[in-house]
Amino acid sequence: MDNDTQAQTAPREADVDAILDELDERGSVELRTRMGPGGVRGSLQALLRMREISVLGATILLFVALSFATPLFPQLENILLVARQISILAVIATGVTFLFISGEIDLSIGSTYGFLGIVLASLIAKLGLDPWLAMLITIAAGAAIGFVNGTVTTRVGIPSFIVTLGTLSILRGGALLLSGGWPVMIKLARDDAFLNVTSGHVAGLVPTQVFWMIAVMVIGGFVLSKTRFGAHVYATGGNQEAAILSGIDTRRVKTINFMITGALCGVAAAMLLGQHRNAFPLTGTGYELDIIAAVVIGGTPLFGGAGSILGTFLGAAVLGMITNGLVLLGASAYFEPVAKGSIIVAAILVDTLIRRRRR
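Per the working numbering: the sequence shown = residues 73 to 431.
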């Protein structure tokens, strides 16, 4: 290597080392995540454990409190009902967790979910496609929507908040145009395999939607914690500059995360259609708040670089228990958004305080 090349390389390596040292001090995530239990990886694991333990503690306290408040709450049938109610939310929230960790947000998830439901029902009812083929096409359509969101965000440079806000409106209008403003009904036999797999019961008791949720979240958790791509997701959100200097294509990582989120909206749409056999054009309106709330309550910060699928599951469980508990207690339905909003603010406040203490 000649002197000129060395002179050009040295500052670059020095810059990378300086950034990595800064990240070690902050306990953030980036390229040293694969270098063993110390340094950044150890700090990250400690931070995640602290967040998850805090959320787990709050979840247990809420469960105990509601169990004392109403004897119906801890019964097995009610617990399975709560699990079914949060399953769709948790599936979409898994993709949003990937996005948040990488430092992006998607406000169109509710509209994407509703639009894909209309697409799926139309493919089955109007075009006569096999439900499974229609489901695959719908999931692919969701990934395509995510690809557009990710490409415009990362290649054009428009903030994802603005991009997905526009997508929200486009897809909501698209659902109304495609359906004519009317529900789209599918006509399948009660024992149809598609209905049984997407919304049936195992042993006549456990909803299959719960197994869908478990499968998606286990796979998502494995990808985030055990694969190179997962490390790249954390690195991108932890310090994008360090990730780029280390050779990570952060634009590709973020675009894939948008695609994962869109695809999971397609999975969720299939789960809902199997349950109701109808797709409504306004399905998912305001649903983005619940999904984002589950992710934030679960300990994934809005600023990226940290978070876990387990935390997101616990966040979804908290929301599900609150909704179910308020119904069992006979509380006004108007109180539910107040409670959810208060929890979101509290979760963000706690996360901010934790970050300040770590500095």
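A virtual CB, placed ideally from N, CA and C, is assigned to each residue, including glycine.
Taking the Cα of Leu195 as reference, the smallest distance to any Cα among Tyr185, Gly182, Ile209 and Gly186 is reached at Ile209. Secondary structure at Pro203: helix, using DSSP grouped into helix, strand and coil. By the Cβ test, the segment 124-144 is not in contact with the segment 335-351, since fewer than three Cβ pairs between them sit closer than 8 Å. In the three-state DSSP reduction, Asn311 falls in the coil class, being neither helix nor strand. Contact annotation: Leu267 and Leu260 have beta-carbon atoms nearer than 7 Å. With 16 or more other CB atoms across the displayed protein chains lying within 10 angstroms of its CB, Trp284 is buried. Going by C-alpha positions, Thr239 is about 10 Å away from Gly245. In the assembly as shown, Glu360 is a buried residue. Its beta-carbon has 16 or more other beta-carbons within 10 Å. Boundaries of the alpha helix (DSSP H) harbouring Val282: Thr280 to Lys298, taken from the DSSP string. For the pair Leu374 and Ser271, the Cα-to-Cα distance works out to about 32 Å.
Between Ala366 and Ala342, the CB-CB gap reaches or exceeds 7 Å. Spatial neighbours of Arg428 in its own chain (CB-CB distance under 7 Å, excluding positions within 5 residues in sequence) are not present.
Within the same chain, Cβ atoms closer than 8 Å to the Cβ of Lys412 are found at Leu361, Asp362, Ala365, Leu391 and Ile394, the five residues on either side in sequence being excluded. Under the three-state reduction of DSSP output, Ala351 falls in the strand class. Counting C-beta atoms within 10 angstroms of its own C-beta, Pro279 has 16 or more neighbours from the protein chains shown and is therefore classed as buried. Remark: C-beta atoms of Val256 and Ile190 approach each other more closely than 7 Å.
Going by DSSP, Ile164 is part of the alpha helix (DSSP H) stretching over Leu148 to Ile173. Bounds of the alpha helix (DSSP H) holding Thr270 are Ala265 to Ser271. Counted as a single uninterrupted DSSP element, the alpha helix (DSSP H) harbouring Thr239 occupies residues Ser232 to Ser251. Cβ-Cβ separation between Lys326 and Gly222: approximately 6 Å, consistent with a contact (criterion under 8 Å). For the 7 Å CB-CB criterion, Phe219 and Met331 form a contact.
Following the DSSP letters along the chain, one finds Glu176 in no alpha helix (DSSP H), marked with neither H nor E. For Leu188 against Gly214, the beta-carbon gap comes to about 5 Å, under 8 Å, which counts as contact.
Annotation: Arg156 to Ala405 spans about 20 Å, alpha carbon to alpha carbon.
Three or more beta-carbon pairs separated by less than 8 Å are not found between the segment 309-321 and the segment 136-150, which leaves the two stretches without contact. When the beta-carbon positions are compared, Ala419 and Ile369 come within less than 7 Å of each other. The C-alpha of Val269 is placed about 13 Å away from the C-alpha of Ala275. In the DSSP assignment, the residues bridged to Met257 are Asn350.
Straight through space, the alpha carbons of Phe140 and Leu192 are spaced by roughly 43 Å. Between Ala378 and Ala212, the alpha-carbon positions lie close to 28 Å from each other. At a Cβ-Cβ threshold of 7 Å, Ser183 and Leu250 do not count as neighbours.
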